[in-house]
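Protein chains in written order, with the numbering used here: chain A, 5 to 389; chain B, 5 to 389.
There are 2 protein chains.
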Amino acid sequence: MAARRPLAVSGTRFTVRYHLSGTEAEAREAAEAICYEQTVEVPDAVVPAGDIREHILGRVEQFGPLASGSFEAAISFAVEIAGRELPQLLNVLYGNISIKPGVRLARLELPAGAFSWLKGPRFGAAGLRERLGAPSRPLLCAPLKPMGLSPTELADLAYQFALGGVDIIKDDHGLADQPFCPFQERVPRCADAAARANQETGGRCLYAPNVTAQAGATVSRSLFAKRAGAGGLLISPGLTGWDTLREIADDDRIGLPILSHPALLGSFVTDRRNGISHGALFGQFPRLAGADATIFPSFGGRFSFTRADCCSIAESTGEPMAHFRPIFPVPGGGISLDRLPELCELYGSEVIFLVGGALRQGSDLIESCRTFLRRVADPTIGRLS
Amino acid sequence: MAARRPLAVSGTRFTVRYHLSGTEAEAREAAEAICYEQTVEVPDAVVPAGDIREHILGRVEQFGPLASGSFEAAISFAVEIAGRELPQLLNVLYGNISIKPGVRLARLELPAGAFSWLKGPRFGAAGLRERLGAPSRPLLCAPLKPMGLSPTELADLAYQFALGGVDIIKDDHGLADQPFCPFQERVPRCADAAARANQETGGRCLYAPNVTAQAGATVSRSLFAKRAGAGGLLISPGLTGWDTLREIADDDRIGLPILSHPALLGSFVTDRRNGISHGALFGQFPRLAGADATIFPSFGGRFSFTRADCCSIAESTGEPMAHFRPIFPVPGGGISLDRLPELCELYGSEVIFLVGGALRQGSDLIESCRTFLRRVADPTIGRLS
Chain A
5 MAARRPLAVS GTRFTVRYHL SGTEAEAREA AEAICYEQTV EVPDAVVPAG DIREHILGRV
65 EQFGPLASGS FEAAISFAVE IAGRELPQLL NVLYGNISIK PGVRLARLEL PAGAFSWLKG
125 PRFGAAGLRE RLGAPSRPLL CAPLKPMGLS PTELADLAYQ FALGGVDIIK DDHGLADQPF
185 CPFQERVPRC ADAAARANQE TGGRCLYAPN VTAQAGATVS RSLFAKRAGA GGLLISPGLT
245 GWDTLREIAD DDRIGLPILS HPALLGSFVT DRRNGISHGA LFGQFPRLAG ADATIFPSFG
305 GRFSFTRADC CSIAESTGEP MAHFRPIFPV PGGGISLDRL PELCELYGSE VIFLVGGALR
365 QGSDLIESCR TFLRRVADPT IGRLS
Chain B
5 MAARRPLAVS GTRFTVRYHL SGTEAEAREA AEAICYEQTV EVPDAVVPAG DIREHILGRV
65 EQFGPLASGS FEAAISFAVE IAGRELPQLL NVLYGNISIK PGVRLARLEL PAGAFSWLKG
125 PRFGAAGLRE RLGAPSRPLL CAPLKPMGLS PTELADLAYQ FALGGVDIIK DDHGLADQPF
185 CPFQERVPRC ADAAARANQE TGGRCLYAPN VTAQAGATVS RSLFAKRAGA GGLLISPGLT
245 GWDTLREIAD DDRIGLPILS HPALLGSFVT DRRNGISHGA LFGQFPRLAG ADATIFPSFG
305 GRFSFTRADC CSIAESTGEP MAHFRPIFPV PGGGISLDRL PELCELYGSE VIFLVGGALR
365 QGSDLIESCR TFLRRVADPT IGRLS
């Protein structure tokens, strides 16, 4: 081939840590395979000499054993191969290699300034606290459900949650735009209900409707929701694609805090030899995409995340990560009053508890919310009762 | 609660088959859990009596053992809970339940007329054959790579592929809009190269650029590609979300055949107790979303799909599925000349072979393509050579 024009690359690289199963020889081979599979995607013999080999190929920077018996490889990539687009960044991180068993994406390591084209969370945990007027305590989020209730019935629930002191009321992630509960009717009713309660209590409860929708419709629903008085938004990036979350987070016309929901993402974490680590998927990815809070099923509930999994998620929401603001972990899926001591011990106060069933089981919803908030403020209250 | 207005549901239901691990009692419990988790998402005690219980809840229609030792449950859902939106349909199929280990989505069964709001493939296998002027033989697709080549170099490759008789030339799925290979420069050059070769050969080779892009940009890139002379499009729904594929398939201004790429989807299939079956993920989902051809890694290559996995994908692309047209299976990832007999035996002639490395290894690319096409027409040629 003729002389090639110089590659437009800066030399800046970012690092991805992969956990690799098998013998050391197999793991070393997998690490090499990642370098090719995620970039040039051709056999070594077909990679041209020169700057493609030097810059485009992934590079194994570190390799070593893990306590678990598997291996870790730190592989660096030129920042330019992500092309200033989140879908292509995800492709570099785990596109084709998702199909190769025994490779788990454990963690991203971003140099300062890397991916400055991604704005990340607009509010982050601190910005959300400011909006809610709750500078330090754990926060409470409650979902509107079950599916099948009418907009009026859901608004009635929202009103009671807000009177009870709930900080964030969210649509159940299964409320979309069904004929029995149209988005354009539900959202104004629920937003109004929260506003009415706020006027009575002096509170700042936010209603976050679900804007997971058809491609192209998420932005228009978000704008509609904002005009109708929504104070936040809920989206399931597993259903829409991560970049749709990024799109609504970046849109200055919208400018609302965003909660990310884990629907359809479970398959990335269930098999621990493959997929993506809990911390990367539910901590780092939402920050890259611009969520301000990340919902996930907490340990001990009806799902299977362990205490360690949840701990790694909570850590990944708060640790330094280039210019990406810290966000809130939002454990849910079986949070109950009697588990608060252990939950508060793990999550501390930088947390939003997503509580569904536990608030609905008593006869007085408003009082259940107040009890929950009192107990969150001091989780030892009534521990032995 | 006060008397409720009647639910807007027709009574029409669709069925999803799940494979469940564990003992029979565990599997039965999991089947019940799916009915709640994917719909009302509250404990039974909180489900209101009446039509929510009757219509919204999932319903176990069949339950029985599988030869593998696990169990199969056929669960029906009201068509209305998908709300005429693919993201919400995906949520019903496998949203929260993706987080519960031991549940694999095996297969959808759609009654005639269900989801008529999804148009499905615009061309399908038959329409694509018509465009290509190739009524019955297996087709050949070749990728432009490696990443790092300039638009001019990629166009030169495209020219040679087209002269060699390749039916579809696609961008490598990692070619996005990088500074060293901008989309707006690459696409016209490669489209022109294919057109120039077609003029020389009288062929109808299509160039399908990768339009996987930021949310909102996929449509504009597709329109740009069409104006530049692209004859098809490549998209990775795992990176963009499945509904972005649907969006470009439905857009009458675009109207080009679409190839779906499996990037980031591997984690759904690798652990066979969880996730989504190969047939549903790579056969049924692309048809729901409107792809005309579905790329996947074939057995015996550098990935881990088995012959049976590939067979189930091929079957799922062609079997009757409501109003959704049959599409092409596109096995790739290690297709070579000496494997053609076994590949042709499995896939028959309703197939597009995606061949990368095998065409690049000889010194004469054009001649390699021609040899491949001759061998595909009669895979026994030179079998023993």
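The beta carbon of each residue, even a glycine, is placed where N, CA and C say it ideally should be.
- At a cut-off of 9 Å between beta-carbon atoms, B/Met325 makes no contact with chain A.
- For A/Arg17, not one C-beta of chain B is nearer than 9 Å to its own C-beta.
- Residue environment analysis places A/Gly361 among the buried positions, since at least 16 neighbouring C-beta atoms fall within 10 angstroms of its C-beta.
- CA-to-CA, the gap between A/Arg200 and A/Tyr163 works out to about 7 Å.
- Under DSSP, A/Lys104 forms no beta bridge with any residue.
- Contact annotation: the region 229–240 of chain A touches the region 201–221 of chain A, with at least three C-beta pairs closer than 8 Å.
- The Cβ-Cβ distance between A/Ala12 and B/Pro183 falls below 9 Å.
- The Cβ atoms of A/Ser308 and A/Ala110 do not sit closer than 9 Å to each other.
- Counting C-beta atoms within 10 angstroms of its own C-beta, A/Gly68 has fewer than 16 neighbours from the protein chains shown and is therefore classed as exposed.
- For B/Ala71, the closest of B/Pro139, B/His23, B/Ala86 by C-alpha to C-alpha distance is B/His23.
- C-alpha of B/Ser74 to C-alpha of B/Gln365: approximately 45 Å in a straight line.
- The continuous alpha helix (DSSP H) containing B/Arg378 extends over residues 369–381.
- At a cut-off of 9 Å between beta carbons, A/Pro147 contacts chain B.
- The shortest C-alpha to C-alpha distance from A/His59 to any of B/Gly287, B/Leu93, B/Ala219, B/Met151 is the one to B/Met151.
- No Cβ of chain A is located within less than 9 Å of the beta carbon of B/Glu76.
- Counting along the chain, the unbroken alpha helix (DSSP H) around B/Val96 starts and ends at 90–98.
- Think of a sphere of 8 Å around the beta carbon of B/Ser340: no beta carbon from chain A falls inside it, the nearest being about 11 Å out.
- Inter-segment contact for the region 269–276 of chain B and the region 260–274 of chain A is present: three or more beta-carbon pairs are separated by less than 8 Å.
- In this structure, DSSP gives B/Val223 a helical state, which the three-state scheme calls helix.
- The beta carbon of A/Ile262 lies closer than 6 Å to those of Leu237, Ala253, Ala295, Asp296 in the same chain, with the five residues before and after it left out.
- Contact check for B/Gly283 against B/Ser102 fails: the beta carbons are separated by 9 Å or more.
- DSSP places A/Ala31 in the uninterrupted alpha helix (DSSP H) bounded by 28–41.
- C-alpha of B/Pro301 to C-alpha of A/Trp246: approximately 24 Å in a straight line.
- Chain-ordered listing is empty here: chain B has no CB closer than 8 Å to the CB of A/Arg32, the nearest sitting near 16 Å.
- Shown here, A/Thr321 sits in a helix according to DSSP, grouped into three states.
- When Cβ-Cβ separations below 9 Å define contact, A/Ile331 makes no contact with chain B.
- With respect to the 9 Å criterion, B/Gly338 and B/Gly304 are classified as neighbours on the basis of their beta carbons.
- It is roughly 15 Å from the alpha-carbon of A/Thr156 to the alpha-carbon of A/Tyr211.
- Beta-bridge annotation (DSSP): B/Gly68 is paired with B/Glu76.
- Of all residues in the region 237–254 of chain A, the ones placed with a Cβ closer than 9 Å to any Cβ belonging to chain B are Ser240, Pro241, Gly242, Leu243, Thr244, Gly245, Trp246, Asp247, Thr248, Leu249, Arg250, Glu251, Ile252, in chain order.
- Along the region 95–125 of chain B, the positions whose C-beta sits under 8 Å from a C-beta of chain A are Asn95, Val96, Tyr98, Gly99, Asn100, Ile101, Ser102, Ile103, Lys104, Pro105, read in chain order.
- When DSSP reads this structure, B/Asn214 sits in a beta bridge with B/Leu238.
- A direct Cα-Cα distance of roughly 33 Å separates B/Asp313 from B/Leu158.
- B/Val44 sits in coil when the DSSP states are folded into three classes, being neither helix nor strand.
- Using a Cβ-Cβ cut-off of 9 Å, A/Gly220 is close to Ala219, Gly220, Val223, Asp247, Thr248, Glu251 of chain B, given in chain order.
- The CB of A/Phe307 comes closer than 8 Å to the CB of Ile103, Lys104 in chain B, given here in chain order.
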